[in-house]
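Following the working numbering, the numbering of the sequence shown begins with 29 at its first residue and continues without gaps. Every residue, glycine too, gets a C-beta built ideally from N, C-alpha and C. Notes follow the structure.
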Amino acid sequence: MCCCHCSCLYRNLPFFHGLTGFLEMVLGVVRIIVFFSPLPSGVHKKYTSKYTAAFIIDWISSIVATLVGVFTALIILLIFFRTCVICCRLQSKNPSSSTTSGMIRGLLGSKSVRRFLIIDCNCTCYKARPKRRFQVRFILLFIFFVLRITAIGLYASAPVGDNDGGLIAIVCAISLVFIFNTLCLDFYRYWVWWHYTPKLDTHCHITSNKHERYLPYHMIGSFRDPRTLGDRPCTEKPCHKRTLDHIAVFHSYDYQPQDRWRDIPKPPPNTEPKKSIIPCVKPKLIDNQPHYIGFHTTDPMAAIAIAHSQFQPGRPGWIGQGIYFARSVAGTIGKAKSEGGAFIIAEIRMGKVYEVERQVITKGHPRFDAQIYEYAHRGKWKDDYDTCYMLQNPESTDEFAIKDASQIVKWVTVIEQDFDPKVERYGLLTEFDSTKCGCI
């Protein structure tokens, strides 16, 4: 994982796409000139079916890049024209360049212009699914690449001496560099979204293999628009999808709590040990119980430290010392012993679970009876169980503690807005804002 937080490259991606399209358009113009120009030898050029088919296929694969190149050329001409106007006004001692420079800044900063340079529809469904946006664009680039290779083959196989197929094939082959460059720019854009690193994480070493990713805060919670198709929260109650990305993106703050552990269907415990092929090694029981989703709130620096190492048991709580989780982010409020600022969503191997409930009422508050207090609060359950699950009222505030970090299968991390200026610095927060043409 890279510790670089330079926003310059990401914010200027549209202009890199525009430059790439412009250069590819130049090569396209060269191919047109060569295709229609007579042969140097004066021999009449033969437009065979193979030669003509190559040209058609070539331009089908180049039409998008050509549009971007033409648009970029128009922007360059407009800027050049306005610059000439400024120079004329300066010579005539009428320096009113502020309006002109403001117009240029507005043009280059226009969201519609930037989207056209990338040829990108920022449909809201891509906001929650940046991987899908990259996949769609990758498929299109792959199709263009295959068509371009086909055109090169047809150009090169055209009869020698009857046309300039060999020369056009060389120029066309050079243009493949720009398809590859566009793919690299798209991959970088995808990487920033889906392999995001918050500003506070300045470590350059690899994170824990159980830490799947950071998710930028603007993809989740209150930043989602329930009125927009593709951006609406999941309406399943309870939601039975168990991918951490789905839960983080669609359920973080508005999470429909999963069923209580006791209510989740479970197969009978597997009591037959897994046979070991190594002598003198004690066989282990096969864990056939379903995994559970846990939410853990902490401060940003602790969340980053966990991402680069592992969870550690915290200070003792109601059910002793352990690693504590709740059934939702809302369920962690008032329980976390840190000031907050980050939360972790984890998939947990619960193992053997001890359920406990505070039933004795003391001064209006539920308490453990003496026997359960000694067993649960003192952490003695760890000798017999892997997890202690505490039932509460309301049930959405249930919490549980696991005795060992090895029970955590994987997790994702979200650093909240007040502690991560990188999202705004990169322009991610407003990237999907609609223009007058909607998502275009």
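Where DSSP assigns a beta bridge to residue i, which residues make up the other side?
i	result
Met418	Val384 and Glu427
Thr325	Phe371
Tyr224	Tyr242
Lys408	Paired residue(s): none; Lys408 is not in a bridge.
Gly348	Gly345
Asn191	Val188
Ile436	Ile376
So, helix, strand or coil for residue i, using DSSP?
i	result
Val357	coil
Thr441	strand
Tyr320	strand
Ile248	coil
Ile104	helix
Ile207	helix
Ile292	coil
Ile234	coil
Gln338	coil
Do you know whose CA, among the options, lies nearest residue i's CA?
i	options	result
Trp289	Phe339, Thr80 and Ile376	Ile376
Tyr413	Gly348, Arg252, Ile361 and Lys78	Gly348
Arg161	Tyr216, Ala81 and Lys238	Tyr216
Gly56	Val141, Ile84, Arg406 and Trp219	Ile84
Ser366	Asp426, Gln317, Cys151 and Ala330	Ala330
Gly46	Asn209, Gly369 and Leu169	Asn209
Leu145	His231, Ala184, Val220 and Phe44	Phe44
Thr100	Pro42, Gly369 and Arg270	Pro42
Glu427	Gly322, Met378 and Thr225	Gly322
Val164	Ala197, Gly181, Arg142 and Asp214	Asp214
Ile86	Cys153, Leu175 and Phe63	The sequence given here places Asp at residue 86; Ile does not occur at that position. For the residues Cys153, Leu175 and Phe63, the minimum Cα distance to Asp86 belongs to Leu175.
Where residue i and residue j are concerned, what is the direct C-alpha to C-alpha distance, given to the nearest angstrom?
i	j	result
Val381	Gln286	17 Å
Asp411	Glu402	13 Å
Lys74	Val58	19 Å
Lys438	Val92	41 Å
Ile400	Ile234	43 Å
Arg260	Val98	37 Å
Ser89	Pro187	23 Å
Pro68	Ala81	23 Å
Ile171	Asn40	26 Å
Phe206	Ser424	53 Å
Lys294	Glu444	35 Å
Cys115	Phe109	10 Å
Lys431	Ala370	22 Å
Cys200	Gly49	14 Å
His231	Thr111	45 Å
Gly193	Phe166	29 Å
Pro449	Leu211	28 Å
Arg453	Tyr245	13 Å
Confirm, please, whether the CB-CB distance from residue j to residue i is below 8 Å.
i	j	result
Asp229	Ile332	yes
Tyr79	Asn191	yes
Val54	Leu272	no
Ala404	Val384	yes
Any heavy atom of the ligand PLP closer than 7 Å to the beta-carbon of residue i?
i	result
Lys380	Looking for the ligand PLP in the displayed structure turns up nothing, as the structure carries no ligands at all.
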